[in-house]
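To start, the structure under review is shown below, and the notes come after it.
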Amino acid sequence: MSREDPDQEKFAMDSSATQDSCSNDAPSPEREYDRYKDNPELLAETMPKASRMFSFDWASGFVSPFRPTPVDILSNLLQHVHFSSPGQDTLLDLGCGDGLVLLQALRTFPSSQLTRAIGVDLDLPLLEASRDKIFSANDSHNDNDNDNDGGCNDQNAIDAQSRLELYHGDLTGEDEPLTTVLGPPRPSQHSQPKTMNMLLQESSHLFVYLLPEALSKLAPLLLKAIESEHKIVCSMRWSIEGLDKYLVQGGSDQQYYIYALSPLL
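Basically the numbering used here = 1-based index in the sequence shown + 19.
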């Protein structure tokens, strides 16, 4: 019995392997999971550029939503917030980003009700861009004074700059001086640099639009603000742990939460 030629045997094996590889799909390389490619609907809910930023571990990174403040939700929230002078006339936005919340509040409430709108954020370029935008808007209003009807909304927009204050710094630096980006129009000659503690004491309403990780770190401060200082706390999108019993307006369906020691009037 003759033995098969080794070369023919090798050729047969190679041909068989080639046929097997052609008959089956080649294994695809392992693909890294991408939540946005696998769930394209998320792209409609997330903006690629952050317009509100805040420190992740109070030292590095960011934990505020990487998307603009939802104007429709904000408008609904502001319908249930009341300002009155004196004593209940100052809004402080913790992690104000581009200042949209403050500007919307200033347009909504006249100076007789909301006398100061204050924002603090870690992102200095964003604060400076917001300040420059406000200056530009005021210049446009002044140039078109003869064309407007002198209505309340126009007047609120014009005097927004005089009621708006923007500061650069970390929310956890309680007594560390903040850098003034846009300050009061007539600061006192002997006034000291603002600190977080000073701004918290001067404010009647606190606003936060931060991710749950940041809210959990701020929860003790916000709880104290409600219980000891009778301040009103407003949160966009997420509830604040430990404040449930003080919820007076909003909820998960409304996507905003208003906390206070007593029901709102």
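Heads up, the beta-carbon is just placed ideally off N, CA and C, and yes, glycines get one too. All values derive from a computational prediction rather than experimental measurement.
**Under the three-state DSSP convention, the category Glu184 falls into** = Within the sequence shown, residue 184 is the residue found at index 165, counting from 1. Here Glu184 sits in strand by DSSP.
**Asked** Leu127 lies in the beta strand (DSSP E); which residues open and close that run?
**Response** Sequence index remark: in the sequence shown, residue 127 carries index 108 (1-based). The amino acid at residue 127 is misidentified as Leu; the sequence shows Thr. Where Thr127 is concerned, there is no enclosing beta strand (DSSP E), although the alpha helix (DSSP H) it sits in stretches over 119-127.
**Asked** So is Thr191 buried or exposed if we call it buried at 16+ other beta carbons inside 10 Å?
**Response** Numbered from 1 along the sequence shown, position 172 holds the residue referred to as residue 191. Exposed.
**Prompt:** Quick one: what's got a C-beta closer than 7 Å to Leu122's C-beta in the same chain, skipping five residues either side?
**Reply:** By one-based count along the sequence shown, residue 122 stands at place 103. So the list reads Ala179, once near-sequence residues are dropped.
**Request:** Could you pull the start and end residues of the beta strand (DSSP E) that Ser9 belongs to?
**Result:** Given a span of 20 to 284 for the chain in the structure shown, any question on residue 9 remains unanswerable.
**Asked** Do the CB positions of Gly116 and Leu145 come within less than 7 Å of each other?
**Response** As a first step, residue 116 is located in the sequence shown; it is residue number 97 there, counting from the start. As a first step, residue 145 is located in the sequence shown; it is residue number 126 there, counting from the start. Contact: yes.
**Prompt:** Where does the unbroken beta strand (DSSP E) through Val90 begin, and where does it stop?
**Reply:** Indexing the sequence shown from 1 puts residue 90 at position 71. Here Val90 belongs to no beta strand (DSSP E); instead the alpha helix (DSSP H) covers 90-97.
**From Tyr228, Pro196, Ser130, His101, residue whose alpha carbon lies closest to that of Lys250** = Walking along the sequence shown from the start, residue 250 turns up at place 231. If we check each option's Cα against that of Lys250, His101 comes out closest.
**Message:** Can you list, in chain order, the residues of its chain with a C-beta nearer than 8 Å to that of Leu280? Leave out the 5 residues immediately preceding and following it.
**Reply:** For the purposes of this step, residue 280 is identified with residue 261 of the sequence shown, where counting begins at 1. Around Leu280: Ile245, Glu246, His249, Tyr265.
**Message:** If the criterion is Cβ atoms closer than 7 Å, does the pair Ile259 and Leu234 meet it?
**Reply:** Taking the first residue of the sequence shown as position 1, residue 259 is located at position 240. Taking the first residue of the sequence shown as position 1, residue 234 is located at position 215. Yes.
**Asked** What did DSSP end up calling Cys171 once you bin it into helix, strand or coil?
**Response** Taking the sequence shown and counting its residues from 1, the one referred to as residue 171 is at position 152. With a pLDDT of only 47 at Cys171, under 50, the local geometry of the prediction cannot be trusted, and the value read off the model is given with reservation. In this structure, Cys171 counts as helix in the three-state DSSP scheme.
**Request:** Please classify Ala136: does DSSP put it in a helix, a strand, or coil?
**Result:** Position 117 of the sequence shown holds residue 136. Assigned with DSSP and collapsed to three states, Ala136 falls in strand.
**Message:** Can you tell me whether Asp112 is helix, strand or coil according to DSSP?
**Reply:** On the sequence shown, position 93 is the one that residue 112 refers to. Strand at Asp112.
**Prompt:** What do you get for Leu183, buried or exposed, if any count of 16 or more other CB atoms within 10 angstroms of its CB means buried?
**Reply:** Translated into positions along the sequence shown, residue 183 becomes position 164. The residue is buried, with at least 16 neighbouring Cβ atoms inside 10 Å.
**Message:** Tell me the rounded alpha-carbon separation between Gln211 and Glu193.
**Reply:** Here residue 211 is taken as the residue at index 192 of the sequence shown, counted from 1. Here residue 193 is taken as the residue at index 174 of the sequence shown, counted from 1. Cα to Cα, Gln211 sits roughly 15 Å from Glu193.
**Asked** Is Ala238 helix, strand or coil when you go by DSSP?
**Response** Residue numbering aside, residue 238 sits at position 219 when the sequence shown is read from its first letter. In the three-state scheme derived from DSSP, where H, G and I count as helix and E and B as strand, Ala238 is classed as helix.
**Request:** Mind checking who Ser224 pairs with in its DSSP beta bridge?
**Result:** Taking the first residue of the sequence shown as position 1, residue 224 is located at position 205. For clarity, residue 224 is His in the given sequence; the question names Ser instead. The partner list for His224 (beta bridge, DSSP) reads Leu110, Ile251.
**Asked** Which value, in whole angstroms, describes the spacing of the CA atoms of Arg256 and Leu197?
**Response** In the sequence shown, residue 256 corresponds to position 237, counting from 1. In the sequence shown, residue 197 corresponds to position 178, counting from 1. Here the alpha carbons of Leu197 and Arg256 stand approximately 27 Å from one another.
**Request:** Could you check the C-alpha separation between Val90 and Val227 for me, to the nearest Å?
**Result:** Counting from 1 along the sequence shown, the entry for residue 90 is found at position 71. Counting from 1 along the sequence shown, the entry for residue 227 is found at position 208. CA-CA distance, Val90 to Val227, rounds to 14 Å.
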